[in-house]
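Asks:
Chains as they are written, first to last, in my numbering: chain A, 513 to 728; chain B, 513 to 728.
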């Protein structure tokens with residue numbers, strides 16, 4: 513039985529999982545959850561029965577209901593090991609995972625849709641403060657990440673040599689997202705170069721927001 | 513050679529790694545990085561040479577400089593598999609990791625010190641708005657997490673049966689942190705019960721902020 517992915521075309525977390533599924537060559541049914549329509553379809557009881565957090569993605573695999581993008585990707589790595597999305601040695605795996613988590617724990621949680629909405633509607637900040645918030649957390653994360661990537665000998669065309677890893681799966685959606693918000697990334701040439709190269713790979717290109725059934 | 517952990521007694525992310533090191537029975541040298549003193553010792557060039565993000569923890573193991581708490585814990589799991597901090601089956605591992613990441617990607621990044629400082633000094637919100645922000649993200653994360661934990665048959669004395677896993681390593685510091693900020697957690701009885709039980713285990717008790725050399 514095919515897997516089913518609950519996704520929103522622009523969600524960075526869903527985008528990561530789409531890339532992983534494509535790299536592993538796994539077919540899946542695409543179920544669109546519109547994060548803005550109807551007050552947010554992710555907040556409806558039907559969806560929350562699957563994913564109480566009310567966020568995307570959710571992956572259904574047989575009886576398993578899987579949430580949290582990086583937990584899903586580790587699951588796919590364990591159940592479908594080829595091609596691997598993590599290097600072999602624990603030290604290299606830690607490097608790759610730490611890059612993934614610099615994006616997934618330090619940047620994305622602060623700049624996603626629900627946080628920006630809370631800032632606007634609950635904290636009631638003007639748009640320029642909200643935009644500065646977005647930019648601040650991208651830059652606060654990308655500045656040290658650029659240094660790490662520019663100085664680590666394991667980095668080549670991609671974060672780890674020229675083989676896609678979970679680090680690239682996190683970088684590409686974050687770069688896409690930052691550009692959509694008009695952030696100038698020219699100060700982060702290594703990050704841009706890696707993300708742009710990754711996007712030339714089929715599995716990444718087909719996971720892009722514009723290629724999804726719910727793209728607008 | 514012993515490992516060395518750069519830590520701050522109250523840091524949730526460092527607290528997670530301290531518990532993991534204790535559970536694995538690994539000796540380590542404790543290097544205190546004061547997040548407030550001297551404008552934040554984590555921002556000094558000496559420390560940023562190790563950890564460009566300027567955050568704790570950093571773990572030194574031989575030639576390896578490891579960052580990001582969950583990447584460090586996966587590394588410890590791979591290099592010192594006993595006792596395991598993850599279950600055996602991919603499905604159970606995904607469950608445990610998703611609980612860990614509900615805390616590490618949805619709650620903690622929004623409520624840590626540097627975000628609260630940015631809210632206060634850059635966004636210039638009054639203290640009551642900052643406090644409401646803190647409470648909002650704890651509750652937004654804990655409400656669905658409580659439902660998941662209360663309804664999952666794998667949960668017992670701890671998140672996964674009665675064996676400590678990476679989920680408990682993330683829950684305990686988040687509960688500690690929320691209580692320190694005066695959040696009433698009585699609405700989250702399963703979360704409180706698990707965290708309180710975990711704290712009776714030696715490895716958790718000895719990792720508590722009050723037990724650290726830099727405790728105040």
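Ideal Cβ positions, reconstructed from N, Cα and C, are used throughout, including at glycine.
Any idea which residues DSSP pairs residue 572/B with across the strands?
Replies: Locating residue 572/B in the second chain gives position 60, where the first residue counts as 1. Answer is 516/B and 577/B, bridged to residue 572/B.
Asks: Is it the case that the region 631-645 of chain B contacts the region 700-719 of chain B, given that we only count it when at least three CB pairs across the two stretches are under 8 Å?
Replies: Result no; under three Cβ-Cβ pairs closer than 8 Å.
Asks: Residues in the region 539-563 of chain B with C-beta within 7 Å of chain A's C-beta atoms, listed in sequence order?
Replies: Listed by position along the chain: nothing, the set is empty.
Asks: Less than 8 Å between the beta carbons of residue 533/A and residue 595/A, yes or no?
Replies: The count along the first chain starts at 1 and reaches residue 533/A at position 21. The count along the first chain starts at 1 and reaches residue 595/A at position 83. Cβ atoms of residue 533/A and residue 595/A: not closer than 8 Å.
Asks: How about residue 656/A: is its C-beta nearer than 8 Å to some C-beta of chain B?
Replies: Residue 656/A sits at position 144 when you count from the first residue of the first chain. With 8 Å as the cut-off, residue 656/A counts as an interface residue toward chain B.
Asks: For chain B, find out if any of its Cβ atoms is closer than 8 Å to the Cβ of residue 638/A; answer yes or no.
Replies: Position 126 of the first chain, counted from the first residue, corresponds to residue 638/A. No - not a single Cβ of chain B is within 8 Å of the one on residue 638/A.
Asks: Using a beta-carbon distance below 8 Å, is residue 641/B in contact with chain A?
Replies: Here residue 641/B is taken as the residue at index 129 of the second chain, counted from 1. Closer than 8 Å: yes.
Asks: Indicate the three-state DSSP secondary structure (helix, strand or coil) for residue 694/A in the structure shown.
Replies: Locating residue 694/A in the first chain gives position 182, counting from the first residue. If DSSP states are grouped into helix, strand and coil, residue 694/A belongs with coil.
Asks: Using a Cβ-Cβ cut-off of 8 Å (strictly less than) and excluding sequence neighbours within five positions of residue 758/B, which residues of its own chain qualify?
Replies: Residue coverage of chain B in this structure runs from 513 to 728, which leaves residue 758/B outside it and unanswerable.
Asks: Can you tell me whether residue 723/B is buried or exposed, with buried defined as 16 or more other CB within 10 angstroms of its CB?
Replies: Start at 1 with the first residue of the second chain, and residue 723/B comes out as number 211. Answer is exposed; the Cβ neighbour count stays below 16.
Asks: Taking Cβ positions, are residue 622/B and residue 649/B nearer each other than 8 Å?
Replies: Within the second chain, residue 622/B is the residue found at index 110, counting from 1. Within the second chain, residue 649/B is the residue found at index 137, counting from 1. Going by C-beta atoms, residue 622/B is nearer than 8 Å to residue 649/B.
Asks: Give a yes or no on whether the C-beta atoms belonging to residue 590/B and residue 666/A are separated by under 8 Å.
Replies: The residue given as residue 590/B occupies position 78 in the second chain. The residue given as residue 666/A occupies position 154 in the first chain. Cβ atoms of residue 590/B and residue 666/A: not closer than 8 Å.
Asks: Between residue 581/A and residue 544/A, how many whole angstroms is the CB-CB distance? I'm expecting something under 8 Å.
Replies: For the purposes of this step, residue 581/A is taken as the residue at position 69 of the first chain. For the purposes of this step, residue 544/A is taken as the residue at position 32 of the first chain. About 17 Å; that fails the 8 Å criterion.
Asks: Since residue 695/A contacts residue 653/A with CB under 8 Å, what's their CB separation in whole angstroms?
Replies: To locate residue 695/A, count along the first chain from 1; it is residue 183. To locate residue 653/A, count along the first chain from 1; it is residue 141. At roughly 11 Å, the Cβ-Cβ gap does not stay under 8 Å, so residue 695/A and residue 653/A are not in contact.
Asks: The beta strand (DSSP E) with residue 541/A in it runs from where to where?
Replies: Looking up residue 541/A in the first chain gives position 29. Per DSSP, residue 541/A belongs to the beta strand (DSSP E) from 540-544.
Asks: Would you please verify whether the beta carbon of residue 783/B is less than 8 Å from any beta carbon of chain A?
Replies: Because chain B in this structure spans residues 513 to 728, residue 783/B falls outside the shown range and cannot be described.
Asks: Check each residue of the region 608-621 of chain B: if its Cβ is closer than 7 Å to any Cβ of chain A, include it; give the result in chain order.
Replies: For the region 608-621 of chain B, which is checked against every Cβ of chain A, the residues closer than 7 Å are 609, 610, 613, 614, 616, 617, 618 and 621.
Asks: Any residues in the region 678-694 of chain B with a beta carbon nearer than 9 Å to a beta carbon of chain C? Which ones, in chain order?
Replies: The structure shown contains no chain C; its protein chains are A and B.
Asks: For the alpha helix (DSSP H) that residue 617/A lies in, which residues bound it at each end?
Replies: The residue given as residue 617/A occupies position 105 in the first chain. Here the alpha helix (DSSP H) through residue 617/A covers 602-618.
Asks: Quick one: give me the first and last residue of the alpha helix (DSSP H) that residue 653/B is part of.
Replies: Residue 653/B sits at position 141 when you count from the first residue of the second chain. Per DSSP, residue 653/B belongs to the alpha helix (DSSP H) from 639-663.
Asks: Can you tell me which residues form a DSSP beta bridge with residue 673/A?
Replies: As a working note, residue 673/A is residue 161 in the first chain. The partner list for residue 673/A (beta bridge, DSSP) reads 667/A.
Asks: Beta carbon of residue 707/B, beta carbon of residue 684/B: below 8 Å?
Replies: Along the second chain, read from residue 1 onward, the residue named residue 707/B stands at position 195. Along the second chain, read from residue 1 onward, the residue named residue 684/B stands at position 172. Yes, the pair counts as a contact, with Cβ atoms nearer than the cut-off.
Asks: Would you please verify whether the beta carbon of residue 565/B is less than 8 Å from any beta carbon of chain A?
Replies: As a working mapping, residue 565/B is identified with position 53 in the second chain. Output row for residue 565/B: interface = yes.
Asks: Ends of the alpha helix (DSSP H) at residue 701/A?
Replies: Here the question's residue 701/A lines up with position 189 in the first chain. Unbroken alpha helix (DSSP H) run through residue 701/A: 701-710.
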